[in-house]
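To convert, note that position 92 of the sequence shown is 92 in UniProt numbering; the numbers rise steadily by one, no gaps.
The beta-carbon is built from N, C-alpha and C at its ideal position, and this holds for glycine as well.
Read through the structure below, which is laid out as structure tokens, and then see the notes.
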Amino acid sequence: MVLDIDEERRRISLGIKQCHSNPWDEFAATHNKNDKVVGHIKSITDFGIFIGLPGGIDGLVHLSDISWNLPGEEAVRNYNKGDEVEAVVLAVDAEKERISLGIKQLDQDPFSNFIAQNPKGNVVKGVVTELDNNKAIVQLEEGVEAVLRVQEIARERVNDARQRLKEGEEIEAKIISIDRKKRLISLSIKALLSEEEEAAIQDYGNSQTEVSATFGDLFKEQMETKE
């Protein structure tokens with residue numbers, strides 16, 4: 001294809017690639033956000049995985065879009081150059097020749113699913129997987145972890161979480177906060193114990209009221225009988 005004619009210099013500029021349609025434009029025209037694509041890994045860099053796509057172009061899976069459960073630097077170790085992978089189209093910018101892909105988006109986000117079913121205030125069970133003096137890490141479901149800080153372990157003061165909990169131990173606690181941006185769930189056994197105590201006091205008060213009412217009814221019936 002003729003790109004330019006310079007009569008003064010007697011030069012003609014030609015372009016070979018212009019004879020073919022732009023592969024970036026073609027990809028943008030035939031693929032929408034959330035579409036699935038398959039390709040082979042062409043290279044792995046410090047910031048992500050480049051996947052070869054039809055038309056000789058590449059798409060990038062950023063480290064943060066590889067796995068829901070693992071840090072990108074760890075998740076990327078599961079992939080090798082030449083592997084065939086499936087990914088989801090996240091964004092296409094044909095003008096800048098950029099295609100953003102995601103691997104983790106092939107599956108539902110376990111964190112989002114969990115907090116949708118377990119909002120703040122819910123009581124949940126989990127298994128202690130890590131411990132240090134300040135906190136315990138608790139696995140609630142596959143891919144969902146929460147933190148139980150030392151001050152939330154008991155009503156009384158606890159100086160070291162390792163003195164009260166053991167790895168592998170199943171616990172029950174109340175969700176006291178959810179940080180969606182940081183994907184952080186905070187638990188409290190102390191809050192659960194306080195809630196149970198309040199409920200017990202309330203039940204006791206109600207039972208005492210019922211007993212008093214029962215004795216009052218009996219006394220009234222006896223007086224009416226005497227009359």
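If residue i and residue j are in contact, beta carbons under 8 Å, what's the gap, nearest whole angstrom?
{"i": "residue 190", "j": "residue 152", "result": "5 Å"}
{"i": "residue 53", "j": "residue 99", "result": "7 Å"}
{"i": "residue 43", "j": "residue 81", "result": "6 Å"}
{"i": "residue 132", "j": "residue 161", "result": "7 Å"}
DSSP on residue i, reduced to helix/strand/coil?
{"i": "residue 248", "result": "It is not possible to answer for residue 248, since the shown part of the chain is limited to 1 through 227."}
{"i": "residue 219", "result": "Because residue 219 sits at a pLDDT of 48, beneath the cut-off of 50, its placement in the model cannot be relied upon, and the following sentence gives the value as read from the coordinates. Of the three classes helix, strand and coil, the one that applies to residue 219 here is helix, per DSSP."}
{"i": "residue 147", "result": "strand"}
{"i": "residue 153", "result": "coil"}
{"i": "residue 21", "result": "coil"}
{"i": "residue 103", "result": "coil"}
{"i": "residue 11", "result": "strand"}
{"i": "residue 183", "result": "coil"}
{"i": "residue 108", "result": "coil"}
{"i": "residue 41", "result": "strand"}
{"i": "residue 165", "result": "coil"}
{"i": "residue 72", "result": "helix"}
Which residue's Cα is closest to the Cα of residue i: the options?
{"i": "residue 112", "options": "181, 28 and 32", "result": "181"}
{"i": "residue 122", "options": "48, 187 and 21", "result": "187"}
{"i": "residue 171", "options": "193, 198, 73 and 102", "result": "193"}
{"i": "residue 62", "options": "173, 26, 102 and 199", "result": "102"}
{"i": "residue 106", "options": "83, 65, 118 and 161", "result": "65"}
{"i": "residue 40", "options": "132, 58 and 110", "result": "58"}
{"i": "residue 85", "options": "51, 72 and 69", "result": "51"}
Would the beta-carbon of residue i fall within 8 Å of that of residue j?
{"i": "residue 120", "j": "residue 175", "result": "yes"}
{"i": "residue 48", "j": "residue 23", "result": "no"}
{"i": "residue 34", "j": "residue 88", "result": "yes"}
{"i": "residue 91", "j": "residue 28", "result": "no"}
{"i": "residue 127", "j": "residue 138", "result": "yes"}
{"i": "residue 148", "j": "residue 166", "result": "no"}
Pull the bridge partners of residue i from the DSSP assignment, please.
{"i": "residue 199", "result": "For residue 199, which the question treats as bridged, DSSP gives no partner whatsoever."}
{"i": "residue 160", "result": "In the DSSP output, where bridge partners are listed per residue, residue 160 has none listed."}
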